[in-house]
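Let me begin by presenting the structure, written as structure tokens, before commenting on it.
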Amino acid sequence: MGFQFAVLNGSNLNWLGKRERAIYGLESWGAIWNRLQKWAPSQDANLTYFQSNSEGTLIDTLQEIDSKVDGVVFNPGAYAHTSIALRDCVASLRVPVVEVHLSKLSKREKFRQFSFIADVAQITIVGFGADGYLLGLTWLKYFYDRSEQR
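Be aware that the sequence shown starts at 1205, since it is given in our numbering, and climbs by one per residue.
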């Protein structure tokens, strides 16, 4: 049986390629998702994707998929800097979570330099643009290949 990984995007990430392109890049989410789906078969992985601009929906989704996936690549967007509720949810999950941010948080505005998610995620990947998603999925595969925890 293959790995089941979820990719979860938070607020405004449905607008990738349209908003603040100097910060978040020119690539649309559709193009990024296509790249991830091309990676998956070679790694014996199946991917599912969720996006919401609503904090509560993100929490509901994380709770629902916890028993259905082997790991989550999660870009909480701006909720990383504001949501203790999302932090508590991630801390309660059974599966490993990789936090991803397209931009380098330490180079952003002061209020964006702290993530409530970082200390409860297994790893945080920042500043690699859209490649951060692929790095996150690769890390999840490595985690299982090395630990045989599944």
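Glycine residues also receive a C-beta, built at the ideal position from the N, C-alpha and C atoms.
These numbers were taken from a predicted model, which means no experiment stands behind them.
Starting from residue i, trace the alpha helix (DSSP H) in both directions and tell me its first and last residue.
i: Gly1340; result: 1335–1351
i: Gln1267; result: 1259–1269
Take the Cβ of residue i as the centre, count every other Cβ of all protein chains shown within 10 Å, and call the residue buried at 16 or more, exposed below.
i: Ala1235; result: exposed
i: Asn1238; result: exposed
i: Lys1314; result: exposed
i: Ser1351; result: exposed
i: Glu1268; result: exposed
i: Tyr1346; result: exposed
i: Asp1349; result: exposed
i: Pro1245; result: exposed
Since residue i is in the beta strand (DSSP E), which residue starts that stretch and which ends it?
i: Asn1238; result: No beta strand (DSSP E) contains Asn1238, which is instead part of the alpha helix (DSSP H) from 1233–1243.
With DSSP as the reference, identify every bridge partner of residue i, one or two as the case may be.
i: Val1211; result: Tyr1253, Val1277
Quiz item: So, do the segment 1286–1305 and the segment 1256–1273 have three or more beta carbon pairs nearer to each other than 8 Å?
Solution: yes
Exercise. Run through the segment 1275–1331 for me and flag every whole beta strand (DSSP E) of 3 or more residues, listed as ranges in chain order.
Key: 1275–1279, 1301–1305, 1327–1330
Quiz prompt | Sufficient close CB pairs (3 or more, under 8 Å) joining the segment 1294–1306 to the segment 1236–1255 | solution = no
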